[in-house]
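Mapping of the first sequence onto our numbering: residues -16 to 359, in sequence order.
All C-beta atoms, glycine included, are put in the ideal place defined by N, C-alpha and C.
Predicted model, so just to flag it, every value in this text is computed and none were measured.
Written out below as structure tokens is the structure these notes cover.
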Amino acid sequence: MFKLIKKYKEARRGEFTTVHGTVQTPVFMNVGTCAAIKGAVSSADLKEIGCQVELSNTYHLHVRPGDRLIKELGGLHKFMNWDRPILTDSGGFQVFSLAGLRRIKEEGVYFNSHIDGRKIFMGPEESMQIQSNLASTIAMAFDECVALPAEYSYAKKSHERTVRWLERCKTEMDRLNSLPDTINKNQMLFGINQGATFEDLRISNMKEISKLDLDGYAIGGLAVGETTEEMYHILDVTLPFAPENKPRYLMGVGTPINILEAVDRGIDFFDCVMPARNARHCNLFTSAGYMNLKNEKFEKDLRPIDETCGCPACKNYSRAYIRHLFKAKEMLAMRLCVLHNLYFYNNLMSDIRKAIENDDYNNFKRERIETYQKRV
RNA sequence: GGGGAGGUUCCCGAGUGGCCAAAGGGGACAGACUGUAAAUCUGCUGCAUCUUGCUUCGGUGGUUCGAAUCCACCCCUCCCCA
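What follows is the structure in structure tokens.
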């Protein structure tokens, strides 16, 4: 359940209580698609860098190793040795990202596995069953993430279908949670708002899905090609129709600046592959701006990545050393950079929470955006 | 000492008369990445007054309208036999 502790204008400071513990919001969820954060990051590392929620993926775990296997082994928490909340994305994003490998129908989506090409069918019921087998804390509704720019007629047809899918998800989730052999009988369900970049579709969609008593509401289908201004505008017009007493999750977003702007508009949950992926390419977020540690200018730099950072990379190693590791293709470079970026994101969220508590979010946001626009 | 192979732009390596500042790798340099088919992808890598000009393919000289490519000599490297 969600408890609003404090508001500063639209920015919200909250607590979300689950069977796997309480999450302080706004929160960034660390993305481990295949039940691991890429870059050799362990669940113990995640605790050290301040991760509150881990995110895994329904489609990917269904394809490999298989959700039935994970259920047989006691669920995802036990499998990956993580006792805090896990959110599983539904596979809806793969409807978008695996565009060349799937066909969308009313009943659901037919995929060709990206691993071996075999046919996979996933509809709302299947997605819920898989997520129930995984026994994540929060399941996401099975949606269609529409590619942008989208035709109005297609976006309308798609979001209406996504609403019908959501109703089926809710029904199936209620059924699964009542079964005797379900691992997590308290599994929560978040619905997903769609509607491309069309205000009226976004609003009517949000009104529709708000009628269902869900555990949270996500905004999906953003940061997939539209401008950041369009994205912020969609948040501005859509969020007023989201239930006040339920958490709001902006899916797949984003840069530190995107997060600062979205919190200001009332978003509580975030997730994004960017900090981990960019870290794997030696691109780092720091308190002084964005850094490409591959740059020649860091060759002899004995300072840590970020002087003010308390992450395992910054506490122990220099820019020069980590740059060398990356150039030498040593796995440790990737690991240290991923730990740093995720620590940065989790720490940013902690600072955001404090700023809201201190009624200082406006100044805080302005100063942070100014520095994050810089390059080190 | 005898026989053989070869020296190409930072490195490896293709090219054996014009379409060659020279394929392809690698490295270097730089950029992208937003619910992860991403340890990936893109650009760039002789000089300049950069839609053109200049210098470059071991060295020197020559043949030719034209040479990295053909000829002569020289220098150097590697392999085999003694």
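Rounded C-alpha distance that separates residue i from residue j
i	j	result
isoleucine 20	valine 256	9 Å
arginine 306	lysine -11	42 Å
lysine -8	serine 193	22 Å
histidine 60	methionine 123	17 Å
glutamate 212	proline 163	48 Å
threonine 154	isoleucine 69	21 Å
serine 161	serine 115	11 Å
alanine -6	lysine 298	32 Å
isoleucine 217	histidine 45	32 Å
arginine 158	asparagine 176	23 Å
histidine 323	phenylalanine 173	30 Å
methionine 63	serine 26	7 Å
threonine 180	histidine 97	29 Å
leucine 184	alanine 138	8 Å
threonine 221	tyrosine 215	10 Å
methionine -16	aspartate 284	48 Å
leucine 84	valine 92	10 Å
methionine 156	aspartate 72	14 Å
isoleucine 288	asparagine 330	15 Å
arginine 349	glycine 22	32 Å
aspartate 251	aspartate 342	17 Å
valine 246	lysine 190	21 Å
glutamate 134	glycine 208	14 Å
Residue range of the unbroken beta strand (DSSP E) whose run includes residue i
i	result
valine 220	Looking at the DSSP string, valine 220 is not in any beta strand (DSSP E); the run it does join, the alpha helix (DSSP H), is 211 to 221.
aspartate 343	It is not in any beta strand (DSSP E) - aspartate 343 carries neither H nor E in the DSSP assignment.
tyrosine 135	Not the beta strand (DSSP E): tyrosine 135 falls in the alpha helix (DSSP H), residues 135 to 160.
asparagine 176	171 to 176
leucine 367	An answer regarding residue 367 cannot be provided, because it is not within the stretch -16 to 359 covered by the chain.
lysine -10	-15 to -9
glutamate -2	-6 to 1
alanine 122	121 to 123
isoleucine 87	85 to 87
leucine 403	With the chain represented from -16 up to 359, any question about residue 403 goes unanswered, as that position is not in the structure.
arginine 231	231 to 233
Status (buried if at least 16 other CB within 10 Å, exposed otherwise) for residue i
i	result
proline 223	exposed
asparagine 188	buried
isoleucine 151	In the sequence as displayed, the identity of residue 151 is arginine instead of isoleucine. Classification of arginine 151: buried, given that the 10 Å Cβ count is 16 or more.
histidine 264	exposed
arginine 351	buried
glycine 57	exposed
lysine 286	It should be pointed out that residue 286 corresponds to arginine in this sequence rather than to lysine. By the 10 Å Cβ count, arginine 286 comes out exposed.
phenylalanine 104	exposed
methionine 314	exposed
alanine 254	Reading the sequence as shown, one finds aspartate at residue 254 and not alanine. It is buried - the Cβ of aspartate 254 has at least 16 other Cβ atoms within 10 Å.
proline 230	buried
asparagine 346	exposed
arginine 51	exposed
serine 119	buried
lysine 357	exposed
arginine 302	buried
glutamate 108	buried
lysine 312	exposed
lysine 54	buried
proline 9	buried
Limits of the unbroken alpha helix (DSSP H) element including residue i
i	result
valine 78	75 to 80
serine 39	Here serine 39 belongs to no alpha helix (DSSP H); instead the beta strand (DSSP E) covers 36 to 40.
arginine 302	302 to 310
methionine 63	59 to 63
leucine 70	Segment 69 to 72 is the beta strand (DSSP E) holding leucine 70; no alpha helix (DSSP H) there.
aspartate 126	Here aspartate 126 belongs to no alpha helix (DSSP H), and DSSP marks it neither H nor E.
methionine 189	182 to 193
asparagine 29	With the sequence shown as reference, residue 29 is identified as leucine, and asparagine is not the correct amino acid for it. Looking at the DSSP string, the run of the alpha helix (DSSP H) that includes leucine 29 is 26 to 31.
valine 14	Note, valine 14: premise wrong, no alpha helix (DSSP H); beta strand (DSSP E) at 10 to 14.
aspartate 247	239 to 247
alanine 296	295 to 299
aspartate 50	50 to 55
One or two residues paired with residue i in a DSSP bridge
i	result
tyrosine 273	Phe268 and Arg358
asparagine 95	Lys102
glycine 199	Phe173
aspartate 254	Met12
tyrosine 328	Paired residue(s): none; tyrosine 328 is not in a bridge.
threonine 5	Thr0
isoleucine 20	Val24
beta-carbon residue i near the ligand COA non-hydrogen atom, thresh 6 Å
i	result
glycine 100	Looking at this structure, you won't find the ligand COA or any other ligand, since it has none at all.
Touching by the beta-carbon criterion (3+ pairs, under 8 Å), the stretch 145 to 152 and the stretch 114 to 133: yes
Discussion item. Quick test of the definition: if touching needs 3 or more C-beta pairs under 8 Å, does the stretch 262 to 282 touch the stretch 158 to 171?
Written reply: no
Mind the definition here: the stretch 251 to 269 touches the stretch 3 to 16 only if three or more C-beta pairs lie below 8 Å; say whether that holds.
yes
Original post:
Should the stretch 196 to 203 be regarded as contacting the stretch 226 to 238, the criterion being three or more beta carbon pairs within less than 8 Å?
Top reply: yes
Review point. Any contact of the stretch 333 to 351 with the stretch 228 to 247, i.e. 3+ C-beta pairs under 8 Å?
Key: yes
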